[in-house]
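Protein chains in written order, with this note's numbering: chain A, 1 to 331; chain B, 332 to 696.
Right under this line is the structure:
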């Protein structure tokens, strides 16, 4: 697909926001690569920078308060940060598209869903009105909306939450993008509807061969869907691993903490959940050392000195931690 | 007065010894049309003939998807919504027949924790005042001094510090606010607390803190919970028994331990199979039961078994005859005509994932 085989290369990306209280360091230098057809999961809790880093890829960081302060985002060899607004508009929606958590507020309430899908295919694919309508019906059919000829005329409020999210997905895949960013696509949906939507995304990924970045707070969702996982905390990637490796041998204390804090559907009920004490740090005055240190059960003096680099210290994959959680010893 | 568990003198047993006994609870909301002349246009059957009981010190989990009536059930139990019919017997008193004053006195022993820790605390009151207010309403302590020291005891009980009584809700994080909500509910020494999605607005690392707190409080004070949530993992973890609700009806009630091992109702099976498991090896092998379509509207619920339009095992009988919630042994109850046949067949649905995803019969052409 691309010259060098890599679809997306994010390198040392940092995003900050100016607020009255001070500068919020939302993303603090993250790097990852994505090949065509890959699926990457970005996992973390609210405020960890998982959404902001993806908005940066789409060129949607709100100015003037927010800005990309360093790094690069190379998409098919082109740095998206150097691209002007018009060219970005050509890429956005056509080559990279995005779906959001809340479908109701992402759809325009005063236009029928069909018309909103038509808008994007007419703009990007140059279809005429009747071709666009046919395409919209076809797309709604692809995402499993029953009676699509009728549904194209529906307004967003006439559809259920699951249907709205499918309409959003229809819009997102309308130009067969190379990359789909799904930001908490199922968080607002019920669990049986979540299963429908995830199944649909997996099927579309296989059929269209598009790469997917799935942003979620739920580790379990990533387990069944992604090839690789980046775990984020306080704007840093703290662990980056193939999905099987991450779940078989989690190495960062935060990843471990997250896994043990969630009850499982199969687990022993008499066991108490282990909780992570305290709460996530304030991104305005981040401490000098590892941002997880104040909550970490393995913390050492050295952790407060500086943020450890994200590197493979014999764990088999990159981890931003100087302690081996299996032995408790320094690496 | 001590904070630890003590036998409540006024604890009278319900008719069958349960702390709370809900019998044939019904809550219908009228639907009206027209702006000036309001015409009655039907009923939202939010809760339709629901019965369950809760023992002292027990947690019953109530799980279901949005719109299934679980929150309305909680509100109707608390008498925050006047039930259309049915009985709520709490500590031997039928709350639905009491007058306002008597009801308020009876309700002291039952409290509620809400989903939204931002919306359920008065932003203009200090935390100390918030916890003190229910004590004043129920005239629990003689002097202000006693109330204040009790407030401080309770703050420590829920893992906050005494000095935080002077602070205001906006100074606290979501998890801490949920601790304040718990403290407020404990102020009047309840024997029963309705927890309506108490952790769903919180991040996972904070969820665990609150779940552990609720379990600790139960062990120390012996309170019973009706734990309402959509997250099956959380409900199963915290509850002794779980009731599964679909479109205003209970479809299955069982022990939490047997819930995963032996689900009987097709809806419970689908719910369980939809929960993602944090293990890529298991995920790769799992077969999901994908339900077609959405939850129908409770205004015109499907006939007979309300689950039949989405059920992969549905047969003619399901459209004409309503299955009642019946005991199958060991306190396990299910509302399905064919649970035995489904269990014997191994629980594999006769409809494939793709068929289901495409909307079942709607797309069979």
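The beta carbon of each residue, even a glycine, is placed where N, CA and C say it ideally should be. Everything numeric in this text was worked out from a predicted model, so none of it was measured.
Give the DSSP-derived three-state secondary structure of residue 129/A in the structure shown.
The sequence position of residue 129/A within the first chain is 129, counting from 1. Three-state DSSP puts residue 129/A in a helix.
Starting from the beta carbon of residue 190/A, find every residue of chain B whose beta carbon is closer than 7 Å, and list them in chain order.
Position 190 of the first chain, counting from 1, holds the residue named residue 190/A. Around residue 190/A, the beta-carbon contacts reaching into chain B at under 7 Å are 396, 397, 561.
Tell me the rounded alpha-carbon separation between residue 82/A and residue 55/A.
Here residue 82/A is taken as the residue at index 82 of the first chain, counted from 1. Here residue 55/A is taken as the residue at index 55 of the first chain, counted from 1. Taking the straight line joining both Cα atoms gives about 16 Å.
How big is the Cα-Cα spacing for residue 79/A and residue 176/A?
Counting from one through the first chain, the residue named residue 79/A turns up at place 79. Counting from one through the first chain, the residue named residue 176/A turns up at place 176. Taking the straight line joining both Cα atoms gives about 21 Å.
Grouping DSSP H, G and I as helix and E and B as strand, with all else coil, what is residue 449/B?
As a working mapping, residue 449/B is identified with position 118 in the second chain. The answer is coil: DSSP assigns residue 449/B none of H, G, I, E or B.
For residue 320/A, count neighbouring C-beta atoms within 10 Å of its own C-beta (all shown protein chains included) and say buried if the count is 16 or more, exposed if not.
Translated into the one-based positions of the first chain, residue 320/A becomes position 320. When all chains shown are included, residue 320/A counts as buried.
Within 10 Å of its beta-carbon, does residue 135/A have 16 or more other beta-carbons around it, so buried, or fewer, so exposed?
In the first chain, counting from the first residue as 1, residue 135/A sits at position 135. Residue 135/A comes out buried.
Enumerate in chain order the residues of its own chain whose CB-to-CB distance from residue 412/B is below 8 Å, with the five nearest sequence positions on each side excluded.
Reading the second chain from its first residue, position 81 is the one you call residue 412/B. Excluding sequence neighbours, residue 412/B sits near 358, 403, 406.
Please report the straight-line C-alpha distance between residue 303/A and residue 292/A, rounded to a whole angstrom.
Within the first chain, the letter at position 303 stands for residue 303/A. Within the first chain, the letter at position 292 stands for residue 292/A. Between the alpha carbons of residue 303/A and residue 292/A lies a distance of about 9 Å.
Quick one: what's got a C-beta closer than 7 Å to residue 375/B's C-beta in the same chain, skipping five residues either side?
On the second chain, position 44 is the one that residue 375/B refers to. Same-chain partners within the cutoff: 359, 360, 362, 629, 630.
Thinking C-beta only, is residue 568/B closer than 8 Å to residue 263/A?
Within the first chain, residue 263/A is the residue found at index 263, counting from 1. Within the second chain, residue 568/B is the residue found at index 237, counting from 1. Closer than 8 Å, so yes.
Rounded to whole angstroms, how far is the Cβ of residue 446/B from the Cβ of residue 531/B, which I believe are closer than 8 Å?
Here residue 446/B corresponds to residue number 115 of the second chain, with the count starting at 1. Here residue 531/B corresponds to residue number 200 of the second chain, with the count starting at 1. A Cβ-Cβ distance of about 6 Å is found for the pair residue 446/B and residue 531/B, placing them in contact under the 8 Å criterion.
Reducing DSSP to helix, strand and coil, say where residue 417/B ends up.
For the purposes of this step, residue 417/B is identified with residue 86 of the second chain, where counting begins at 1. In this structure, residue 417/B counts as strand in the three-state DSSP scheme.
Alpha carbon to alpha carbon, how far is residue 506/B from residue 131/A?
Position 175 of the second chain, counted from the first residue, corresponds to residue 506/B. Position 131 of the first chain, counted from the first residue, corresponds to residue 131/A. Distance between the alpha carbons of residue 506/B and residue 131/A is about 52 Å.
Does the Cβ-Cβ distance between residue 258/A and residue 219/A come in under 8 Å?
As a position in the first chain, residue 258/A is number 258, starting the count at 1. As a position in the first chain, residue 219/A is number 219, starting the count at 1. Going by C-beta atoms, residue 258/A is nearer than 8 Å to residue 219/A.
Helix, strand or coil: which one does DSSP assign to residue 348/B?
Stepping through the second chain from its first residue, residue 348/B is reached at position 17. Coil at residue 348/B, not helix or strand.
Tell me the DSSP secondary structure of residue 365/A in three-state form.
The requested residue 365/A is not part of the displayed model; chain A covers only 1 to 331.
Please name the residue, chosen from 634/B, 562/B, 430/B, that lies closest to residue 265/A on a Cα-to-Cα basis.
Here residue 265/A is taken as the residue at index 265 of the first chain, counted from 1. Measuring from the Cα of residue 265/A, the nearest candidate turns out to be 562/B.
Whole beta strand (DSSP E) elements within the region 631-687 of chain B, 3-residue minimum
Counting only runs of 3 or more residues that sit fully inside the region 631-687 of chain B, the beta strand (DSSP E) segments are 657-660, 663-665, in chain order.
Based on Cα-Cα distance, which residue from 652/B, 646/B, 632/B, 348/B lies nearest to residue 373/B?
The residue labelled residue 373/B in the question sits at position 42 within the second chain. Among 652/B, 646/B, 632/B, 348/B, the Cα nearest to that of residue 373/B belongs to 632/B.
Suppose contacts are defined by Cβ-Cβ distances below 8 Å. Is residue 439/B in contact with residue 519/B by that definition?
Within the second chain, numbered from 1, the residue matching residue 439/B stands at position 108. Within the second chain, numbered from 1, the residue matching residue 519/B stands at position 188. Result yes, Cβ atoms of residue 439/B and residue 519/B sit closer than 8 Å.
Who are the neighbours of residue 257/A on chain B, taking C-beta pairs under 8 Å?
What you label residue 257/A is simply residue 257 of the first chain in a count that begins at 1. Near residue 257/A (Cβ distances below 8 Å), the residues of chain B are 536.
So what's residue 247/A in DSSP terms, helix, strand or just coil?
In the first chain, residue 247/A corresponds to position 247, counting from 1. Correct three-state label for residue 247/A: helix.
Given a threshold of 16 other Cβ atoms within 10 Å of its Cβ, counted over all protein chains shown, does residue 352/B qualify as buried or as exposed?
Here residue 352/B refers to the residue found at position 21 when the second chain is read from its first residue. In the assembly as shown, residue 352/B is a buried residue. Its beta-carbon has 16 or more other beta-carbons within 10 Å.
Could you check if residue 105/A is buried or exposed, using at least 16 other CB atoms within 10 Å of its CB as the buried criterion?
Mapped onto the first chain, residue 105/A falls at position 105. Flag for residue 105/A reads exposed.
Show which residues of chain B have a CB atom less than 8 Å away from the CB atom of residue 243/A.
Numbered from 1 along the first chain, position 243 holds the residue referred to as residue 243/A. In chain order: 611.
Could you work out which residue in 548/B, 380/B, 349/B is closest to residue 576/B when comparing CA atoms only?
Working through the second chain from its first residue, we reach residue 576/B at position 245. Out of 548/B, 380/B, 349/B, 380/B has the C-alpha closest to the C-alpha of residue 576/B.
Taking contact to mean at least 3 C-beta pairs separated by less than 8 Å, is the region 497-513 of chain B in contact with the region 451-464 of chain B?
Touching, per the Cβ criterion.
Mind listing, in chain order, the continuous alpha helix (DSSP H) runs of no fewer than 4 residues lying wholly within the region 172-229 of chain A?
Counting whole runs of 4 or more residues, the region 172-229 of chain A contains the alpha helix (DSSP H) stretches 191-208, 219-225.
List the residues of chain B that residue 272/A touches, going by C-beta distances under 8 Å, in chain order.
In the first chain, counting from the first residue as 1, residue 272/A sits at position 272. Against chain B, the beta carbon of residue 272/A has neighbours under 8 Å at 543, 546, listed in chain order.
Under the three-state reduction of DSSP, which class applies to residue 367/B: helix, strand or coil?
Your numbering for residue 367/B matches position 36 in the second chain. Residue 367/B falls in the coil class under three-state DSSP.
Taking 7 Å as the limit between beta carbons, can you name the residues of its chain near residue 124/A, skipping five residues before and five after?
As a first step, residue 124/A must be located in the first chain, where it is residue number 124. Same-chain partners within the cutoff: 93, 94, 175.
In chain B, what lies closer than 7 Å to residue 275/A by C-beta?
Translated into the one-based positions of the first chain, residue 275/A becomes position 275. Within chain B, 536, 539, 540, 543 have C-beta atoms less than 7 Å from the C-beta of residue 275/A, given in sequence order.
Counting only Cβ pairs nearer than 8 Å, list the residues of chain A close to residue 605/B.
Here the question's residue 605/B lines up with position 274 in the second chain. Chain A residues near residue 605/B: 191, 192, 194, 195.
Would you call the region 271-281 of chain A and the region 539-549 of chain B in contact, with 3 or more CB pairs under 8 Å?
Contact between the region 271-281 of chain A and the region 539-549 of chain B is established, with three or more Cβ pairs separated by less than 8 Å.
To the nearest angstrom, report how far apart residue 231/A and residue 213/A are at their CA atoms.
Taking the first chain and counting its residues from 1, the one referred to as residue 231/A is at position 231. Taking the first chain and counting its residues from 1, the one referred to as residue 213/A is at position 213. Whole-angstrom Cα-Cα distance: 13 Å.
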